[in-house]
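Those protein sequences? They're chains H and B, same order as listed. For the first sequence, the numbering used here gives the first residue as -5, with consecutive numbering after it. For the second sequence, the numbering used here gives the first residue as 508, with consecutive numbering after it. Just so it is clear, CB atoms sit at the ideal spot from N, CA and C, and this is done for glycine as well. Keep in mind it's a predicted model, so treat the numbers as computed, not measured.
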Amino acid sequence: MHILLIEDDIQAASYLLKGLNECGHVVDHANDGEDGLHLALTGEYDVMVIDRMLPHRDGLSVIRMLRADNNTTPVLILSALGEVDDRVTGLHAGGDDYLIKPYAFSELLARLEALTRRNSTTNIEQKLQLADLVIDLRKQCAHRADKPVHLQPREFRLLEFLMRHTDQVVTRTMLLEQVWDFYFDPQTNVIDVQISRLRSKIDKGFNLPLLHTVRGVGYKLSETP
Amino acid sequence: MKPPEFRLFRTTAIRLAVKSILFYGFLLLLVLAALYWVSRSHIDDEINTEIEHEIIKLQQIFNTSGSLQLINHIATLLRHKDHIYYLQSAEGEKLAGNLGYWPEEVDIEFSGLAQGSWVEDEALPTGFQEDDAYLPVAAIKFSDGSRLLLARNVEQASYLLEMSEFLLEAMGITILFTVFIAVILGRQILRRMDIIGASASEIMAGDMSQRVPVSHNNDEFDTLAKRLNAMLDRIQKLIKGLRDVTDNIAHDLRSPLTRMRNQMEVTLLEPRSPEEYQKVLRHNINEIETLIRTFNALLSIAQTEAGHHRAQLSRINLKQLALDLMDLYTPLSQSKGQSLVLINGDDSFIFGSRDLLAQSFGNLLENAIKYTPRGGEIKLHIKASANQVEVIVADSGPGIAETEKDHVLEKFVRLESARNTPGNGLGLSLVAAVAGLHNAELVLKDSKPGESNPGLQVIQRFSKA
Chain H
-5 MHILLIEDDI QAASYLLKGL NECGHVVDHA NDGEDGLHLA LTGEYDVMVI DRMLPHRDGL
55 SVIRMLRADN NTTPVLILSA LGEVDDRVTG LHAGGDDYLI KPYAFSELLA RLEALTRRNS
115 TTNIEQKLQL ADLVIDLRKQ CAHRADKPVH LQPREFRLLE FLMRHTDQVV TRTMLLEQVW
175 DFYFDPQTNV IDVQISRLRS KIDKGFNLPL LHTVRGVGYK LSETP
Chain B
508 MKPPEFRLFR TTAIRLAVKS ILFYGFLLLL VLAALYWVSR SHIDDEINTE IEHEIIKLQQ
568 IFNTSGSLQL INHIATLLRH KDHIYYLQSA EGEKLAGNLG YWPEEVDIEF SGLAQGSWVE
628 DEALPTGFQE DDAYLPVAAI KFSDGSRLLL ARNVEQASYL LEMSEFLLEA MGITILFTVF
688 IAVILGRQIL RRMDIIGASA SEIMAGDMSQ RVPVSHNNDE FDTLAKRLNA MLDRIQKLIK
748 GLRDVTDNIA HDLRSPLTRM RNQMEVTLLE PRSPEEYQKV LRHNINEIET LIRTFNALLS
808 IAQTEAGHHR AQLSRINLKQ LALDLMDLYT PLSQSKGQSL VLINGDDSFI FGSRDLLAQS
868 FGNLLENAIK YTPRGGEIKL HIKASANQVE VIVADSGPGI AETEKDHVLE KFVRLESARN
928 TPGNGLGLSL VAAVAGLHNA ELVLKDSKPG ESNPGLQVIQ RFSKA
């Protein structure tokens, strides 16, 4: 992916650059809001990572300018402000996702992949398929190898989210936010239990496992582990 | 501090006294004016009657004894200081009296009735008023054509003076009395205030256990003292809480930081295999994860307690929120062999923050799942009444001893029995903070009082939206 990173903390930016490069991404970096906006308006990016508090022009203002210019590149906002209304104002300004510092690099990576994927898939699709697992979005039902998989409504949403992000790592926080609309840290392994239940419904009795655990990060729905 | 006598003059009592003196002084002047006006007209009436009677008497003398006798009689009457007479013959000659001339400009009816009239100063006898005077005057015409004018010099000033003197004396006495009372009151107030002030100074000096003495009078000072003491109790509790939190933060953040630092330092002492480095880094990431959680929880509590979220409260359906939470936690409780049941009535709306309520109820459910043994039951109960909604999370775990129930809402409190389960001791503090933000009543009770596993019931009462 071609990523634009606007972050004034040079040390943090250099680690991010290194990490993203090592994961095979091309990253342009700007130190302040003005430079960042210039790069964003002139370059072609798959996704942008914008810090909220920047010198010269703050992050939200950069995003507003971009959106006013009909630029629809997905934006992930980084912020040290973690209150509920901060997230809401960030998303209102035109951000697509919001990550609160301190965050895990794996979390950032997973969210960036999710954002670019979201950009390429549309909601008008009626069926999603991975190997022999098919879900019908209109009828809200799932089949594996033509046998029906009985899912609760929320389990279906969980599976749908995973199907929309096949071959990508999704974190527990992403699942909690996207499937349950909860924005807190559970102190228990509540998501793991949900996943293992879903796994028993879609993978049990089949030779090819589709729902994989990515150690230390989250989960991945894929034909290959 | 100012010298005592100076402070006395600044007391409320003295200020009130000065204000009341000004007020009553003004009132007194009004009364004085009214009194003057009333008595003046009364005196005028009396004088009028007097001169009317006198003129009748003089007419009788003229009728029975003749003009000469009248002239003699008038001469004897002139010794009265305030009396004014003028007897004029039919030809216009002065026959008797002390007026200089007949005040021609005065339009007097010769009826013998008294009336007010201006008399020029040139006409007035010496020793009377300097200016033209407005005097009660009566006049008659006799049968031989002579005319008699009778008047009284009314010394208005003396009446006013006497009256004001008396009233001013009365006012002086009132002022003295008021100041006396005010000084006594002021000193009393100062004495009581000094007691409170002395306690405040001791508290400022660092003795937080000091309290304002309360007398047995049960007056407004005692009410104030009691309020101040209640405030001090609260502040002392908050400071203690803050101190406990600081101590606990120190413990909960310092210990893992020390562990991490030591581990990394030791790892760097010698060259090691990549696997070993990876193991140390992974371990440290986990430690940091825990630290961040504690830190976020503390921040969240602090922000909630400070009321940061109050602005974006919206109408929340607790029933829907409960259903969402059930969706999330049912598999977890099932995996522990517990049954999680929702007892739910109709839609129940309150004003709140969904995010915070979700976190708060989530904490309670996680606690319940954590402490309830296999086979136990956890109930989430949304109970709506006419104007409030109760949210009850009840478990069948070991419960919390009565003496500990208040204590567990404080930050970083972990009961002995929970030492070996993961957690940071902030879960219930957040619940308390969120309840506080929503003005909800928070009660901790036994689910099944008297049983060996009494369980815990956390009740939150919200006002309906």
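Helix, strand or coil at residue i [DSSP, three-state]
i: H:Leu204; result: coil
i: B:Lys733; result: helix
i: H:Ala74; result: coil
i: B:Trp544; result: helix
i: B:Tyr836; result: helix
i: B:Ala813; result: coil
i: B:Ile558; result: helix
i: B:His590; result: strand
i: H:Tyr177; result: coil
i: B:Glu553; result: helix
i: B:Leu659; result: Leu is not the amino acid found at residue 659 of chain B; the sequence shown has Arg there. Strand.
i: H:His50; result: coil
i: B:Val626; result: strand
i: B:Lys786; result: helix
i: B:Ser948; result: The amino acid at residue 948 of chain B is misidentified as Ser; the sequence shows Glu. B:Glu948: strand per DSSP, three-state reduction.
i: H:Thr165; result: strand
i: B:Ile615; result: coil
i: B:Glu723; result: Residue identity differs from the one stated: residue 723 of chain B is His in this sequence, not Glu. DSSP places B:His723 in coil when its eight states are reduced to three.
i: B:Pro979; result: The structure shown has nothing for residue 979 of chain B, since chain B only spans 508 to 972.
i: H:His(-4); result: strand
i: H:His32; result: helix
i: B:Gly652; result: coil
i: H:Met42; result: strand
i: B:Gln576; result: helix
i: B:Lys826; result: helix
Rounded distance between the beta-carbons of residue j and residue i, thought under 8 Å
i: B:Tyr878; j: B:Pro905; result: 6 Å
i: H:Ile196; j: H:Arg138; result: 6 Å
i: B:Asn579; j: B:Ile591; result: No, B:Asn579 and B:Ile591 are not in contact; Cβ-Cβ is about 18 Å, not under 8 Å.
i: B:Arg654; j: B:Ala646; result: 6 Å
i: B:Asp651; j: B:Ala597; result: 6 Å
i: B:Leu760; j: B:Leu798; result: 6 Å
Nearest to residue i (by Cα), restricted to the options the options
i: H:Lys198; options: H:Thr167, H:Phe150, H:Asn183 and H:Val143; result: H:Val143
i: B:Gln622; options: B:Ala603, B:Tyr592, B:Leu657 and B:Gly604; result: B:Leu657
i: B:Asp589; options: B:Glu627, B:His580, B:Pro643 and B:Gln595; result: B:Pro643
i: H:Lys121; options: H:Gly89, H:Leu109, H:Ala98 and H:Phe155; result: H:Phe155
i: H:Ile94; options: H:Ala34, H:Ala87 and H:Leu102; result: H:Leu102
i: B:Leu529; options: B:Gly679, B:Ile876 and B:Gln566; result: B:Gly679
i: B:Asp853; options: B:Arg800, B:Leu825, B:Thr910 and B:Lys955; result: B:Leu825
i: B:Gly883; options: B:Glu600, B:Ser708 and B:Ala875; result: B:Ala875
i: B:Ser842; options: H:Leu215, H:Glu217, H:Thr218 and H:Asn183; result: H:Asn183
i: H:Asp91; options: H:Ser55, H:Ala98, H:Phe99 and H:Ala108; result: H:Ala108
i: B:Met670; options: B:Ser722, B:Trp544 and B:Ile691; result: B:Trp544
i: B:Pro850; options: B:Phe673, B:Lys886 and B:Pro880; result: Checking the displayed sequence, the identity of residue 850 of chain B turns out to be Ile instead of Pro. Cα-wise, what sits closest to B:Ile850 is B:Lys886.
i: B:Pro610; options: B:Ala603, B:Tyr593 and B:Leu602; result: B:Tyr593
i: B:Ser473; options: B:Ser780, B:Leu776, B:Leu847 and B:Asp862; result: With chain B covering 508 to 972 only, the question about residue 473 of chain B has no answer from this structure.
i: B:Asp726; options: B:Asp740, B:Asp754, B:Thr910 and B:Ile696; result: B:Ile696
i: B:Phe513; options: B:Gly693, B:Ala603, B:Ser548 and B:Tyr608; result: B:Gly693
i: B:Ala563; options: B:Phe649, B:Ser624, B:Asn894 and B:Phe969; result: Here residue 563 of chain B turns out to be Ile, not Ala, going by the sequence shown. The shortest C-alpha separation from B:Ile563 is found at B:Phe649.
i: B:Val900; options: B:Leu575, B:Ala829 and B:Arg517; result: B:Ala829
i: H:Ile71; options: H:Pro49, H:Leu106 and H:Ala62; result: H:Leu106
i: H:Val163; options: H:Val208, H:Leu170, H:Ala6 and H:Val187; result: H:Val208
Cross-chain neighbours of residue i in chain B, by beta carbon under 8 Å
i: H:Thr182; result: Leu839, Glu873, Ile876 and Lys877
i: H:Phe176; result: Asp831, Leu835, Asp862, Ala865, Gln866 and Gly869
i: H:Arg105; result: Chain B residues near H:Arg105: none, gap ~17 Å exceeds 8 Å.
Per-residue contacts from residue i into chain H (C-beta, under 8 Å)
i: B:Tyr836; result: Val184
i: B:Gly934; result: Gln181
Residue i: contacting residues in chain H (beta-carbon distance under 7 Å)
i: B:Ser842; result: Val187
Proximal residues of chain B, C-beta to C-beta of residue i below 7 Å
i: H:Pro96; result: Ile799
i: H:Arg191; result: Pro838
i: H:Arg148; result: Asp834
Cross-chain neighbours of residue i in chain H, by beta carbon under 9 Å
i: B:Asn791; result: Going along chain H, no residue has its Cβ under 9 Å from B:Asn791, so there is no contact; the nearest lies around 12 Å.
i: B:Asn960; result: Here the premise fails: no neighbours, minimum Cβ distance about 21 Å.
i: B:Asn851; result: Under the 9 Å cutoff, chain H gives no residues; its nearest Cβ is about 17 Å from B:Asn851.
i: B:Asn755; result: None at all; the shortest Cβ gap to chain H is about 17 Å.
message: For a minimum of 3 consecutive residues, which ranges assigned as the beta strand (DSSP E) are wholly contained in the stretch 866 to 943 of chain B?
response: 884 to 891 and 895 to 901
query: What alpha helix (DSSP H) runs, 4 residues minimum, are completely inside the stretch 53 to 139 of chain H?
result: 53 to 62, 78 to 86 and 99 to 114
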